[in-house]
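Going by the UniProt record's numbering, the sequence shown opens with residue 1, and the numbers climb by one from there. Here is the structure we will look at, set down as structure tokens.
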Amino acid sequence: MRAIQITEFGGPEVLRPVELPDPVAKPGQLLIDVAAVGVNYADTHSVEDSYLSRSTLPMVPGGEVVGLTADGRRVVALTATGGYAEKAVAWENMATEVPDGVSDGAALALVVQGLTAWHLLRTAGRMAPGETVVVHAAAGGTGSLAVQLARRFGAGRIIATASSKEKRELALELGADVAVEAEAEGLKERLVEANGGAKVDLVLEMTGGPVFDASLAALAPFGRLVTYGMASRTEPTAVAAGKLMAHSTAVVGFWLMHCVGKPALHAEPMAELLRMVAAGELNPLVGEAYPMSEAARAHSELRARRTVGKLVLDPRR
């Protein structure tokens with residue numbers, strides 16, 4: 001089968017097309033004939049071995065696939081690795097049947113980014129109706145879904161950040177009340193101004209570094225910052241317990257892997273998200289579909305923030 005493999009850690013340049021033997025499903029696993037592969041920002045960290053879980057070589061990256069099982073079921077599944085290939089294996093409890101009317105790209109947008117957005121708001125952020133929510137990278141795969149879900153879950157005000165005028169306009173179309181420049185300098189002041197001069201209740205943050213610091217400073221008493229990524233590859237300034245106490249604020253970390261395999265945290269939210277998409281109540285933003293042979297270009301574009309929505313690889317190209 002055709003696949004993308006890495007034999008050394010690094011940037012997009014280490015992603016190389018190869019021919020490999022078909023994988024073999026173990027008991028409790030499904031062999032999936034892959035129709036489309038999802039590209040997630042975590043993939044870029046795995047390829048350079050900077051993710052929360054360590055990578056081993058050689059490796060076929062990719063943890064999101066949609067396709068057909070041997071018995072003809074159309075499923076979307078999480079895989080530990082091995083997704084960038086024509087065939088992949090996944091544990092049965094990591095696979096969800098895709099309803100008619102939900103496209104491959106939309107299903108892939110939900111399996112990591114949709115579930116992440118749901119948990120950022122519900123589980124980690126504990127968003128209450130009427131609260132002000134800040135969504136960073138609001139035109140991206142997770143952010144675009146978080147904006148829509150925050151609106152459906154009753155947010156009082158949604159403030160989006162994005163790196164370009166076009167992306168900010170898109171965030172407004174998705175349901176944000178206001179969209180501001182994502183640059184770290186002056187970010188705290190822009191967020192407070194966008195909230196009518198008041199500090200904010202909940203921030204969904206995945207950049208790290210000075211964006212994290214500015215977002216934390218923008219929190220109202222009892223506000224929460226949920227951190228779920230570090231796209232800048234820069235650690236924020238150390239969070240001091242005294243400062244958190246002085247402002248009654250909280251920093252919450254979130255990693256989706258702590259939810260997988262648990263029905264109440266994985267299967268049930270995933271079913272809810274798929275139902276919402278099938279009913280036209282949620283619109284996953286599907287971006288460019290790249291030939292699988294151009295996985296390196298997809299990673300380069302993603303890291304440079306030149307993409308919008310969910311990126312997909314086509315294993316047939």
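Beta carbons: idealized from backbone N, C-alpha and C, even for Gly. For clarity, every value in this text was computed on a predicted model and none was experimentally measured.
| Item | Value |
| --- | --- |
| Neighbour-count burial assignment, residue 286, 16 or more Cβ in a 10 Å radius | buried |
| Which of helix, strand or coil DSSP assigns to residue 122 | helix |
| Rounded separation between residue 248 and residue 119 - CA only | 22 Å |
| Secondary structure of residue 314, DSSP reduced to three states | strand |
| Given residue 57 as reference, the closest of 70, 26, 8 once Cα atoms are compared | 8 |
| Closest Cα partner of residue 81 within the set 70, 127, 46 | 46 |
| For residue 246 and residue 238, the rounded distance between their alpha carbons | 16 Å |
| Sheet register partners of residue 78 (DSSP bridge) | 64 |
| Residue of 214, 122, 126 minimising C-alpha distance to residue 161 | 214 |
| Beta strand (DSSP E) runs contained entirely in the segment 16-40, provided each spans 3 or more residues | 16-19, 29-39 |
| Cβ-based burial, residue 52 [other Cβ within 10 Å; buried from 16] | exposed |
| Neighbourhood of residue 184 by C-beta, 6 Å cutoff - its chain only, sequence neighbours within 5 removed | 210, 211, 214 |
| Between the CA atoms of residue 23 and residue 1 - distance to the nearest angstrom | 9 Å |
| Exposure label - residue 198; buried when at least 16 CB within 10 Å | exposed |
| According to DSSP, residues forming a beta bridge with residue 224 | 202, 250 |
| Beta-carbon proximity check, residue 60 vs residue 25, cutoff 7 Å | no |
| Alpha-carbon spacing of residue 112 relative to residue 274, whole angstroms | 13 Å |
| Identity of the residues DSSP links to residue 178 by a beta bridge | 159 |
| Coil, strand or helix - residue 262 by DSSP | coil |
| Distance CB(residue 145)-CB(residue 117) smaller than 7 Å | yes |
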